[in-house]
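Inspection log for the structure reproduced underneath, given as structure tokens.
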């Protein structure tokens, strides 16, 4: 039986087992996916031309998550939940950069993180879980959780590291969440938050390694899909945004490329086989300073990402200033990361996700006074044919919608995943 309208209460899927992927470094790229997917016959699906990826099954080491699967169906369910609460953010064509910008800095709380937090709370409410929620965050996830908890009447506690931007701390407190500061990095705050959750019976909500959070972040990709980009660039910290966007877009034939800062590249190292925790260097992109990427997100990124670009700190600073001066878009460090990587990514219709805009005014003022960006190149004269080839920021009506078909009656089974040592 085909399911015409996706319903959250029938979201349990029967998934097949998948192997852990083998990775090998490639010249010119970070990693290569050697896994061969088997396409499913098109005739099984009601939308002509729609390509459905292989089911992606992942296991989590989070006791609150257990054996889980994350698929495009979960992203569609998240879109249905969030539609009444969150507006779709605009796409802006930055002509001087030659890139479309997905402006998540204009989302509620100034970041895409509210999508995952709100979807997780709504999904928990559907399951009857009304426990107080605690999280560890460098700022944006904490703000998203605080806003979501305020809207749904859930008690929220956030643990933030010392040195978190004051604007983010103030944003969390504004929505009534309890703020605890501990440690000097996200990972130290993470350990403290898990300890508090175990002692008090709270539900711990990961900033990225949670299936509901990943599905919520994937709604960014759902909103990008109608504009038919050939490549989307996303910043990577723990991997939640990259995983969710890739889940939403890979079935449409869109390349998804991650971006990390030099010295803050835990995902790159993990995909090469180095899973040892390493203190990230100080960076303007404080929102992506993660020692170890997520257990779920690491497998999804290995399955779905086409490449990861490493950006130098100086490039990031210059891009953030140019974004403010030339495009009049205020972004935080992590928010400018995808655009900074854009110059190294090939594509005619490139889209970079500006993931957030919560930057301290003093930091922005210092950057504007210290950084002298190179003048942009003068535009070349365009022929009529070349002018017509410039991507218009409007939905492409010929694309089939992202959809999925699933049985009404289904069951979830445990997924067998190889031991952690295989990475």
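Residue numbers (our numbering): 155 to 577.
C-beta atoms are modelled at their ideal positions from N, C-alpha and C, and glycine is treated no differently.
query = Given 8 Å as the limit, is there contact between the region 464-475 and the region 347-364, that is, 3 or more CB pairs closer than that?
reply = Judged by Cβ distances under 8 Å, the region 464-475 makes no contact with the region 347-364, as fewer than three pairs qualify.
request  = For my contact list, residue 410 and residue 388 are in at a C-beta cut-off of 8 Å; report their separation, rounded to the angstrom.
outcome  = Translated into positions along the chain shown, residue 410 becomes position 256. Translated into positions along the chain shown, residue 388 becomes position 234. Between residue 388 and residue 410 the Cβ distance is about 7 Å, and since that is below 8 Å, they are a contact.
ask   = Thinking C-alpha only, which one of 299, 253, 224 and 340 is nearest residue 359?
value = Position 205 of the chain shown, counting from 1, holds the residue named residue 359. Of 299, 253, 224 and 340, the residue nearest in Cα terms is 299.
key: Close-in-space but distant-in-sequence residues of the same chain around residue 232 (CB under 6 Å, 5 per side omitted)   = Against the chain shown, residue 232 aligns to sequence position 78. So the list reads 273, 369, 370 and 373, once near-sequence residues are dropped.
message = By the three-class DSSP mapping on this structure, what secondary structure does residue 520 have?
response = As a first step, residue 520 is located in the chain shown; it is residue number 366 there, counting from the start. Reduced to three states, the DSSP call for residue 520 is helix.
ask   = How would you label residue 435, buried or exposed, when you count the other beta carbons within 10 angstroms and need 16 or more for buried?
value = As a position in the chain shown, residue 435 is number 281, starting the count at 1. Per the 10 Å Cβ criterion, exposed.
query = DSSP on residue 504, reduced to helix/strand/coil?
reply = Position 350 of the chain shown, counting from 1, holds the residue named residue 504. DSSP places residue 504 in the strand class (E or B) of the three-state scheme.
request  = Have a look at the DSSP bridge pairing and note the partners of residue 286.
outcome  = Here residue 286 is taken as the residue at index 132 of the chain shown, counted from 1. DSSP lists no partner for residue 286.
query = Are residue 438 and residue 475 close, meaning C-beta to C-beta below 7 Å?
reply = Along the chain shown, one-based indexing puts residue 438 at 284. Along the chain shown, one-based indexing puts residue 475 at 321. No; because the gap between Cβ atoms is not below 7 Å, this pair is not in contact.
inquiry  = Considering only DSSP beta bridges, list what residue 254 is partnered with.
reply    = In the chain shown, residue 254 corresponds to position 100, counting from 1. Residue 254 has 247 and 505 as its beta-bridge partners, per DSSP.
key: Between the CA atoms of residue 508 and residue 440 - distance to the nearest angstrom   = Numbered from its first residue, the chain shown carries residue 440 at position 286. Numbered from its first residue, the chain shown carries residue 508 at position 354. Their backbone Cα atoms lie some 14 Å apart in a straight line.
query = For residue 309, which three-state DSSP category applies?
reply = One-based indexing of the chain shown puts residue 309 at position 155. Here residue 309 sits in coil by DSSP.
Boundaries (first-last residue) of the beta strand (DSSP E) holding residue 461 = Counting from one through the chain shown, the residue named residue 461 turns up at place 307. Where residue 461 is concerned, the enclosing beta strand (DSSP E) stretches over 461-465.
request  = With DSSP collapsed to three states, give me the class of residue 365.
outcome  = Within the chain shown, residue 365 is the residue found at index 211, counting from 1. Assignment of residue 365 by DSSP, reduced to helix, strand and coil, places it in the helix class.
request  = Consult DSSP for residue 270 and reduce its assignment to one of helix, strand or coil.
outcome  = Position 116 of the chain shown, counted from the start, is the residue given in the question as residue 270. The DSSP-derived three-state label of residue 270 is helix.
query = Looking at the unbroken alpha helix (DSSP H) that takes in residue 225, where does it start and where does it end?
reply = By 1-based counting over the chain shown, the position of residue 225 is 71. Element bounds for residue 225: n/a, residue is neither H nor E.
task = Put residue 238 into one of helix, strand or coil per three-state DSSP.
result = Your numbering for residue 238 matches position 84 in the chain shown. Of the three classes helix, strand and coil, the one that applies to residue 238 here is coil, per DSSP.
inquiry  = Please classify residue 515 as buried or exposed, where buried requires at least 16 other C-beta atoms within 10 Å of its C-beta.
reply    = Stepping through the chain shown from its first residue, residue 515 is reached at position 361. The residue is exposed, with fewer than 16 neighbouring Cβ atoms inside 10 Å.
ask   = By how many angstroms is the C-alpha of residue 355 removed from the C-alpha of residue 320?
value = Position 166 of the chain shown, counting from 1, holds the residue named residue 320. Position 201 of the chain shown, counting from 1, holds the residue named residue 355. So the alpha carbons of these two residues sit roughly 29 Å apart.
inquiry  = Assuming contact is defined by CB atoms lying nearer than 7 Å, are residue 497 and residue 383 in contact in what I supplied?
reply    = For the purposes of this step, residue 497 is identified with residue 343 of the chain shown, where counting begins at 1. For the purposes of this step, residue 383 is identified with residue 229 of the chain shown, where counting begins at 1. The Cβ atoms of residue 497 and residue 383 do not sit closer than 7 Å to each other.
ask   = For residue 499, which of 253, 357, 246 and 269 has the nearest alpha-carbon?
value = Residue 499 sits at position 345 when you count from the first residue of the chain shown. The option with the nearest alpha carbon to residue 499 is 253.
Length at least 4, wholly inside the region 313-361: the alpha helix (DSSP H) runs in chain order = Restricting attention to alpha helix (DSSP H) runs no shorter than 4 residues, the region 313-361 encloses them at 320-328 and 340-354, ordered along the chain.
request  = Under 6 Å Cβ to Cβ from residue 310, same chain only, skipping five residues before and after it: list those, please.
outcome  = Looking up residue 310 in the chain shown gives position 156. The answer, listed in chain order, is 287, 299, 300, 303 and 331.
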